[in-house]
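Taking it in order: structure first as structure tokens, then the write-up.
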Amino acid sequence: MLDSTLQATYDQVLHRNPGEPEFHQAVREVFESLEVVQSRHPEYQDHSILMRLCEPERQIIFRVPWVDDDGVVQVNRGFRVEYNSALGPYKGGLRFHPSVNLGIVKFLGFEQIFKNSLTGLPIGGGKGGSDFDPHGRSDGEIMRFCQSFMTELHRHMGEYTDVPAGDIGVGAREIGYLFGQYKRLTNRYEAGVLTGKGLDWGGSLVRKEATGYGAAIFADEMLKANGSSFDGRRVAVSGSGNVAIYAIEKVRQLGGIPVTASDSTGYVVDENGVDLALLQQIKEVERGRIVEYAERRGNGARFVANGSVWDVPVDIALPCATQNELNVEDARTLVKNGVLAVSEGANMPCTPEAVAVFREADVRYGPGKAANAGGVATSALEMQQNASRDAWSFEHTEERLTQIMKGIHTTCLETADEFGRPGDYALGANVAGFRKVADAMIAFGVI
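In case it helps, our numbering puts the sequence shown at residues 50 to 496.
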């Protein structure tokens, strides 16, 4: 239960934002951590910081008309929620998926505020996207959609205003089309206005690996803090997109054995460890389905069409697919099978009930706003390189990423200790991220 002040604010959030369950869930999860802050920092109540944090600075919804390969005009809806700029320009990805609506974008943007704060870099929180489904569309259709989308969005962007990146359904191809249209419309080569760009035109090494690498590094730090490591540990990874692929790669580098990958059709179990090259060929090059991995891998790899990837007995779990993919029953199964740590590569992939199970069982749990911050951190490093007209080596950029993830882990752990909840990474992430943003908002006055 929330205390009376927090509950009153939360009730206002529910009233003002009906029909947005994911956003409500994200807000409540943060509020539950902030009760310990209330008594020590009454100034946050005096300045109505929580209510101001829950109200985006700007919400943009627009029509995206485009013509498909059959000459038929299609119409999608575009979104950009510029949530909070207390620490810097709005920063957060674009998601192209049929499930995208205003509530989804607001939940992602709200999470992004605290995630970006934890990186220690000068970036605010934002998010955007469209209900456009790129799956099964030709390159020409995706190009025309991206050009139409950017024709509206470009007027709200700028390297000191709002800097989008990719998310689900938005990879290097889509970023290329978006950047090309931005450049065409503005007559400027403003490389710092989008991140996740190609390496030949302003992108950064390690950016595509960063979210998955970061989630694995955060898990490794949690294990070390508990006197353990990845060495010889079985690891379940959900998803088979960019985050999952590079989480698998980093797990292997850290000595773990990643044994699963999944997509919307089911999951594969590979007892010998996932063959990264084959997975990349199928998912990144051929844009195929995960069942093809089992068919081509052999060697005991099997595809499971029903059930949950979390049914596989493992020591460490990295949910890297999408929100609310790991429910309370999945959590109980993982605990029963002896899981030691859970590190979220996706945004809010564990339901609140699942998180409660992990806490009760004393399983180390790294929330997405901390564990998957590597992606946005490296996006900010890409912005730094663009600003200085520089390009860093892979080794230097990966070292910066590793330092940032270790710093986030330390901040979460120390903040949890400070507020009397040792080992509670969720509380540590929420409180540390909140305090930095809240202090900046107070300094700026009521704006």
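From the three backbone atoms N, C-alpha and C, an ideal C-beta is built for every residue, glycine too.
Rounded to whole angstroms, the Cβ separation of Phe128 and Gly178 is 6 Å, and the two are in contact under 8 Å. Counting along the chain, Phe352 sits inside the beta strand (DSSP E) bounded by residues Arg351 to Val353.
The shortest CA-to-CA distance from Pro147 to any of Asp180, Gln196 and Cys369 is the one to Asp180. Taking Thr168 as the centre and dropping the five residues before and after it, the same chain places the C-beta of Ala422, Val425, Ala426, Ala429, Ile453 and Ile457 closer than 8 Å to its C-beta, in chain order. Using a Cβ distance threshold of 9 Å, Val308 and Val292 do not count as a contacting pair. According to the DSSP assignment, Lys176 belongs to the beta strand (DSSP E) that extends over Gly173 to Ser179. Per the C-alpha coordinates, the member of Asp473, Tyr316 and Val361 positioned closest to Glu341 is Tyr316.
DSSP places Thr235 inside the alpha helix (DSSP H), whose first and last residues are Ala221 to Thr235. Cβ contact annotation for Ser187 (same chain, cutoff 8 Å, sequence separation greater than five): Asp118, in chain order.
In the DSSP secondary-structure assignment, Gln108 is bridged to Val130. Inter-residue distance for Lys418 and Val255 is about 19 Å (C-alpha atoms, whole angstroms). In this structure the segment 60 to 75 does not lie against the segment 87 to 96, because fewer than three pairs of beta carbons, one per stretch, are closer than 8 Å. Put simply, the backbone Cα of Asp312 is about 22 Å away from that of Gly305.
Approximately 7 Å separates the beta-carbon atoms of Leu367 and Ala268; this is inside 8 Å, confirming the contact.
Contact between the segment 51 to 65 and the segment 346 to 356 is absent: fewer than 3 CB-CB pairs across the two stretches fall below 8 Å. By the criterion of a C-beta distance shorter than 6 Å, Asn373 is surrounded in its chain by Thr400, once the five residues flanking it on both sides are discounted. Following the DSSP letters along the chain, one finds Gly423 in no beta strand (DSSP E) but inside the alpha helix (DSSP H) bounded by residues Gly423 to Ala436. DSSP places Ile453 in the uninterrupted alpha helix (DSSP H) bounded by Phe443 to Glu467. Boundaries of the beta strand (DSSP E) harbouring Ile365: Ile365 to Leu367, taken from the DSSP string. Non-local beta-carbon contacts of Pro471 in its own chain, meaning distances under 7 Å to residues more than five positions away in sequence, involve Ala465 in chain order.
The C-alpha of Ser97 lies about 42 Å from the C-alpha of Ile294. Counting the other CB atoms within 10 Å of its CB gives Gly281 a total below 16, which places it among the exposed residues. Take Thr210, set aside five residues on each side of it, and the residues of its chain with a beta-carbon closer than 6 Å to its own are Pro138, in chain order.
Counting every other CB atom within 10 Å of its CB across the protein chains shown gives Gly288 a total of 16 or more, marking it as buried.
Inclusion of Val76 and Phe159 in the CB contact set at 9 Å is warranted, their separation being smaller than that value. The residues Ala395, in chain order, have a CB closer than 6 Å to that of Thr371 in the same chain once the five nearest residues on each side in sequence are set aside. Within the same chain, Asp312 and Thr314 come within 7 Å of Arg338 by CB-CB distance, once the 5 residues on both sides are set aside. If you compare the alpha carbons of Asn376, Thr382, Arg345 and Gly347 with that of Pro362, the shortest gap goes to Thr382. Here Asn321 has Asn348 and Gly349 as same chain residues with Cβ atoms under 7 Å from its own Cβ, once five neighbours each way along the sequence are excluded. Per DSSP, the unbroken alpha helix (DSSP H) holding Leu167 starts and ends at Leu151 to Leu167.
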